[in-house]
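As numbered in my numbering, residues 573 to 734 make up the sequence shown, in order. Report on the following structure.
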Amino acid sequence: MKISDSMTAAINDQIKAEFDSAYIYLAMSAYLKDAGLDGMSHWMHKQYKEEVEHAEKFISYLYERGARVIIPDIAKPKDTYENALEVFRTAYAHEQYVTSRIYKLVDLAVSEKDYATQSMLKWYVDEQMEEEDNTGGIVSKLEFLGGDKHGVYTVDRELASR
Ligand code: FEO
């Protein structure tokens, strides 16, 4: 069964959102590096790479369905933050936003009875749960520390092992 034009457009839009996410995290990684938080910068750089993989997975899916992929413009990300806590709070809020986008894609696939897309999207639903858990967990730790420098450096070392 051919994928619909509306589903193709929605997935292309999500490809843009994944590349935008990648850039947001790359800019966060650069900010953290400049702040001397190498472990957090490394963690965020891995996040950047994961977002590129998310975009590529959608691209492969559209290829598989014989649909046209549109390579999007990428928005310039915010590149200055107050501190590490603001970075991770922003990342957490961003992941919640991405989850809401994925759910809308599922809603569309269900409304179109597009079972193949529903099946493909299950991976993203699970991935979003994990991403929210990871970023939310770091926010909780940093909030608990309340800016204590020794604590922040301990979290920084921990995130270096990702
Ligand atoms: Fe591709 Fe972090 O969602």
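Glycine is no exception: its CB is placed at the ideal position from the N, C-alpha and C atoms. None of the values given here were measured: they were computed from a predicted structure.
Pairwise C-alpha distance: residue j and residue i
i             : j              : result
threonine 671 : serine 601     : 22 Å
alanine 639   : alanine 681    : 15 Å
glutamate 745 : glutamate 684  : This structure leaves residue 745 out entirely; the chain is present only between 573 and 734.
alanine 649   : isoleucine 596 : Residue identity check: residue 649 is proline in the sequence provided, not alanine. Taking the straight line from one Cα to the other gives about 5 Å.
glycine 719   : valine 711     : 12 Å
glutamate 636 : valine 678     : 18 Å
alanine 627   : tyrosine 725   : 32 Å
serine 578    : lysine 621     : 28 Å
alanine 647   : glutamate 658  : 20 Å
Cβ-heavy atom distance, residue i to ligand 1, below 7 Å
i             : result
serine 593    : yes
glutamine 700 : yes
histidine 617 : no
glutamate 703 : yes
glutamate 628 : no
Whole-number beta carbon distance between residue j and residue i, since they are thought to touch under 8 Å
i             : j              : result
alanine 581   : methionine 612 : With a Cβ gap of about 36 Å, alanine 581 and methionine 612 do not count as contacting.
aspartate 585 : alanine 732    : Contact flag wrong, Cβ pair sits at about 35 Å.
Below 8 Å, can you find three or more Cβ-Cβ pairs linking the stretch 588 to 607 to the stretch 695 to 705? With a cut-off of 8 Å, the stretch 695 to 705 and the stretch 588 to 607 do not count as touching, because too few Cβ pairs lie within range.
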